[in-house]
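K.L.:
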Amino acid sequence: MKPLMLHGHERAITQIKYNREGDLLFSSSKDKKPNVWYSLNGERLGSFNGHNGSVWCIDVNWDTTRFLSGSGDNSLRVWDCQTGKEIGLLHTNSSVRTCSFSYSANLAVYSTDKALGHQCEMFIIDIKNVDAVLSQADAISRIAVNGPRISAILWGALDETIITGHEDGEITLWDVRTRKKMTSVKSHKSQINDMQFNKDGTMFVTASKDNTAKLFDSESLMLLKTYKTERPVNSATISPIFDHVVLGGGQDAMDVTTTSTRQGKFDSRFFHLVFEEEFARLKGHFGPINSLAFHPNGRSFSTGGEDGYVRINTFDQSYFDFHFEY
Amino acid sequence: MAKKTLADKTPQNEDNVKNNDDIFNDDEEPNFSDPEGFIDDITDEELLGDILKQKPSETDGVESVIVVDGVPQVEPERLEKLQSVISKVLGKFGTIMNQYYPKNENGYTKGYIFLEYNNPLNALAAAQSVNNYKIDKQHTFKVNLFTDFKKFEEIADEWEPPKPQEFKAAADLHYYLLEPDAYDQFCVLCGNGASVTVQVWQNSAPEPTLLEERSRWTETYVKWSPLGTYLATFHKLGVALWGGPQFLQQARFSQKGVECIDFSPGERYLVTYTPRTDLGSDQKRLVIWDILTGQEKRAFFADGSSVWPIFRWSHDDKYLARMGEDVLSVYETPSFGLLDKKSIKIPGIRDFSWSPTDNVLAYWVPEDKDVPARVTLLEIPKEKQIPVDSVEIKEPIHAFAWEPVGSKFAIIHGEIPSVNVSFYEVRYGHQPALLRCHVHKHLFYSTEKLEKKACNHLFWSPSGQFIVLAGLTTMAGALEFIDTNDFTIMNSTDHYQTSDVEWDPTGRYVVTAVSSWKTSVDNGYWIWTFQGRILKRVNLNQFNQLLWRPRPPTLLTPEQIKEIKKNLKKYSAQFESKDRMRLTRASKELIEKRCAAMKAFEEYRSKRIQEWNNQKKRRLELRNAIDTDELDSDSKNVEEEVIEFFVKEETFIIDEK
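Going down the list, the protein sequences come from chains A and B. Throughout the first sequence, residue numbering follows numbering that gives the first Met the number 0, covering 0 to 325 in sequence. Throughout the second sequence, residue numbering follows numbering that gives the first Met the number 0, covering 0 to 656 in sequence.
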């Protein structure tokens, strides 16, 4: 089917996310306004106006009442989903690189970049009742991260753990209560650009600058599978209905001119989750894909690109008819 | 403290000095003695080996002594005369420091004398020159170094035959030609510096097989010998040749800083060259070696301006020639002497080439004022002038290539980017005839994409007929596979950024490669059939080079080849069934692999899903008792909402009738 092209951003898309039901699609970009769209027809529902810098990360809670955004303007903002109003503002010392609601959405975590005079830090905050006090209230936990900064983040399944992906490819599992590292693995050779859970949250897929995506167990961080490409992988997402993983990426923006778009270097690439074999590619963007997300019903998926477009791709029947022989 | 010590040292306090000695030492002078239990494990050799080498060694002068036998026996009265004769004969080799004439009880000399020179070298020179010197009819001098006696004494009485060395059968260097399916091999070089890796693959169907992989096998690049027997690797200290089923080292040629090598066509000789001039005056920069014995045959003077290969070989390794300014020097093997002891003077020689089948050499002299350009065939040693056929193209020419088998040649001409490719056929006694002009301006406008492709290189199949037109590097890697029998374009495609095109030696496969020597992205190689059907894409980080292993010329006679071509249908049926079988086997293996992977994964998953199910209560607690495990698992809370979307607006004009 013809993809829906969502053109509401003026600059490169940084992250896209569906809400739990999949009727809404949220997008953030290097322009200052995250958008929310109807996933069914691509109509824009509204924008979240307030940030003064690139928005690096977004998240929406499980019942689609709150929306989080972290930005290069050194702030994390909380929004009311229904009205689009800003209801909470937290100032930080440096850019907010990652943010995420916990499973219950009573807690949230965000991390800040290493910048002049400030090291990378991870903050766990109580976000159950957002009011004016939020900006003054102390974080529940403030964990200084020595060494390579956090570049991707996930809450563990039951609000109990946090998984961080780092600039040097390391993945660390934190105990929220003790604030201690429980375990960490270094399977990737370079920066983790994205981490996404499978449907039940027991596994997650990483996307790394080292040209691979990998599948890990969420509890033990055991490496399960590796998907290899010849390009940096910016994002990867797992189908909720099939054993499929979709990878997106491409060259860094500065190297893009040396690549021909015909070569399919900016394709979404489909891999079998278990066999690690690539079986399909989908063309679209005129630059690297920065973020990918499966619709929770598995019948469509969206991509956000360096070219500023979000594309909603609905699968044809042939996708559902295709089965691996084994 | 220091002050006090000084005061202590004054003579008045002399008595105290002794007592304070220890304090003094501790304070002012570092302790050089080894700590207790220290074991000196550094040898003097290691510490000051270079100085020790210059240390004069003791000698008792015995090396400077010679023994002369066969000296006339004389009475004491004539001794003086004898001595003057001896000093005349033997004194010219150096100053004689001592002489001793043993005498018997009557005072007669005994017929042998001892002489000591001022140094051992003079003694050696005297011994070598004067030995067997006839002083008169009866007397011949026998001269030996005094030290030789010791050596002669120690010779065993019984002769022991040398032990025969165990016979080592040489590995079959041509095993790869016996491959039943005639699969060709190719080697792949990737990585740089410390991470260089060389792989040797067999191009088997349906998937190539890795035969050998070694990291740091070479330090720069690799090269096959012209018949495919050896793989040459380059190292700081020289070149090594590898061969046989295990790729064992077959030969080694040491030349520091070697950068270029060239095999003779028959693989008997190897030419090595280093451009470095900083390796000392005795460094040989251009050397020819015998491959089987590993011996140096001859070293040549190398001037910096030459184009590699400096030497060009005749087809049978008999001659090699080198071009200089207005001269051509032909050398013959195995002596490597200049043929007829002089170079051939050819004013204005620009280029030359040996015939691939005979010892005939062609050289070319360009047009000079009124004298037209000419090509001369030089049959060693006769000479023959032949007229030149010329085809005039009134456009710039970008590439030219002869069909390796057959009589056609192809050229790329025209103004870039609208270039044309023309094919000509050469017939005996005729002007070359234009067969087909391939107008790219139109052909490369494919109707679908309207993308303009252009080519700048020609690659003939080694067996002729088929040609690949390629637009390398700057031209985005456009590829066209053409059958020149009827000039059909079998496929028009591209491999972005292709830097090299390599036909396999049989003309069945073509490889297009993107080398990291040319560009840093998308490195790797693609394997195609000669018809341009893609077989395999290999993306390899830091890929540098792919080289097919050459094959010696076929042993089949032209009649046999003709016979095979006639019965091609019969053979191709056999090959096809073989291919089908291989494919089935491969897909069966793949399916087995998948089955195993799926089984292992499901085992792991079932455990995790069990754990997840056990956590359901916790999940419900965290989300206000609402089940969100499935999209539709929370049916109570669903509100149906109807949303209307504007789909499309159309305006019709209703017919008035």
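Cβ atoms here follow ideal geometry from the backbone N, Cα and C, with glycine treated the same way.
Does PRO287(A) have its Cβ less than 8 Å from a Cβ in chain B?
P.N.:
No, its Cβ sits nowhere closer than 8 Å to a Cβ of chain B.
K.L.:
Taking a contact to mean a Cβ-Cβ separation below 8 Å, would you say HIS397(B) touches TRP353(B) in this structure?
P.N.:
no
K.L.:
Determine the burial state of HIS90(A): buried for a count of at least 16 other Cβ atoms within 10 Å of its Cβ, exposed for fewer.
P.N.:
In summary, HIS90(A) is exposed, with fewer than 16 beta-carbon neighbours lying within 10 Å of its beta-carbon over all protein chains present.
K.L.:
What is the residue span of the alpha helix (DSSP H) that LEU144(B) lies within?
P.N.:
From DSSP, LEU144(B) is part of no alpha helix (DSSP H) but of the beta strand (DSSP E) over 139-144.
K.L.:
Where does ARG310(A) sit, in a helix, a strand or coil, going by DSSP?
P.N.:
strand
K.L.:
Give the secondary structure of TYR102(A) by DSSP, where H, G and I count as helix, E and B as strand, and everything else as coil.
P.N.:
coil
K.L.:
Could you check which residue in GLU20(A), HIS50(A), GLU42(A) has the C-alpha nearest to that of PRO33(A)?
P.N.:
HIS50(A)
K.L.:
Taking 8 Å as the CB-CB limit, is MET597(B) close to chain A?
P.N.:
yes
K.L.:
Taking only beta-carbon positions, decide if GLU120(A) is within less than 8 Å of chain B.
P.N.:
no
K.L.:
Hey, does TYR102(A) have any beta-carbon neighbour from chain B nearer than 8 Å?
P.N.:
Yes, TYR102(A) lies at the interface with chain B (some Cβ there is under 8 Å from its Cβ).
K.L.:
Quick one: grab the DSSP three-state call for TRP516(B).
P.N.:
coil
K.L.:
Taking the beta carbon of PHE644(B) as the centre, do at least 16 other beta carbons fall within 10 Å, making it buried, or is it exposed?
P.N.:
exposed
K.L.:
For my contact list, GLY87(A) and SER134(A) are in at a C-beta cut-off of 8 Å; report their separation, rounded to the angstrom.
P.N.:
7 Å
K.L.:
Taking DSSP as the reference, what is the three-state secondary structure of GLN98(B)?
P.N.:
strand
K.L.:
My guess is that ALA235(A) and VAL204(A) are in contact by the Cβ rule of under 8 Å, so how many angstroms apart are they, rounded?
P.N.:
5 Å
K.L.:
Considering SER28(A), what are the terminal residues of the beta strand (DSSP E) in which it resides?
P.N.:
Looking at the DSSP string, the run of the beta strand (DSSP E) that includes SER28(A) is 23-28.
K.L.:
When you compare each of GLY307(A), GLN81(A), TYR308(A), LEU291(A) to SER301(A) by their alpha carbons, which one comes out closest?
P.N.:
LEU291(A)
K.L.:
State the Cα-Cα distance for the pair ILE287(B) and PRO333(B), rounded to the nearest angstrom.
P.N.:
11 Å
K.L.:
Which chain B residues sit within Cβ distance under 7 Å of VAL184(A)?
P.N.:
Here the premise fails: no neighbours, minimum Cβ distance about 17 Å.
K.L.:
Does the Cβ of ASP306(A) have 16 or more other Cβ atoms within 10 Å, making it buried, or fewer, making it exposed?
P.N.:
buried
K.L.:
Taking buried to mean at least 16 other C-beta atoms within 10 Å of its own C-beta, is MET4(A) buried or exposed?
P.N.:
exposed
K.L.:
Would you say THR492(B) faces chain A, with C-beta separation under 8 Å as the test?
P.N.:
no
K.L.:
Do you know how far the Cα of THR375(B) is from the Cα of GLN530(B)?
P.N.:
If you take the alpha carbons of GLN530(B) and THR375(B), they lie about 39 Å apart.
K.L.:
Using a 10 Å radius around the Cβ and a threshold of 16 neighbouring Cβ atoms, would you call GLU166(A) buried or exposed?
P.N.:
Result: buried.
K.L.:
Which chain A residues sit within Cβ distance under 8 Å of CYS594(B)?
P.N.:
TYR325
K.L.:
From the DSSP output, read off the bridge partner residues of MET202(A).
P.N.:
Answer by DSSP bridge pairing, in chain order: ASP216(A).
K.L.:
Using 8 Å as the threshold, is the C-beta distance between VAL273(A) and PHE600(B) below it?
P.N.:
The Cβ atoms of VAL273(A) and PHE600(B) lie closer than 8 Å to each other.
K.L.:
Closer than 8 Å is the cut-off here; do at least three beta carbon pairs connect the stretch 220-240 of chain B with the stretch 154-161 of chain B?
P.N.:
no
K.L.:
With a 10 Å radius around its C-beta and 16 neighbouring C-beta atoms as the bar for buried, classify ALA320(B) as buried or exposed.
P.N.:
buried
K.L.:
Tell whether a beta-carbon distance below 8 Å holds between TYR116(B) and PRO101(B).
P.N.:
no
K.L.:
Using a 10 Å radius around the Cβ and a threshold of 16 neighbouring Cβ atoms, would you call PHE319(A) buried or exposed?
P.N.:
Under the 10 Å beta carbon count, PHE319(A) is surrounded by fewer than 16 other beta carbons and is classified as exposed.
K.L.:
Determine the contact status of SER514(B) and ASN543(B), defining contact as a CB-CB distance below 8 Å.
P.N.:
yes
K.L.:
In this structure, does DSSP put GLU211(B) in helix, strand or coil?
P.N.:
In the three-state reduction of the DSSP assignment, GLU211(B) falls in the strand class.
K.L.:
Which whole-angstrom value is the C-beta distance of ASP503(B) and TRP547(B), which I expect to be below 8 Å?
P.N.:
Cβ atoms of ASP503(B) and TRP547(B) come within 8 Å of each other, at about 5 Å.
K.L.:
Leaving out five residues before and five after HIS441(B) in sequence, what residues of the same chain have Cβ atoms less than 8 Å from its Cβ?
P.N.:
Low per-residue confidence applies at HIS441(B): pLDDT is 37, beneath 50, and the placement is therefore not dependable, though the value from the model is reported in the following sentence. Taken in chain order, the list of residues that qualify is empty.
K.L.:
CB LEU172(B) to CB GLY265(B), shorter than 8 Å?
P.N.:
no
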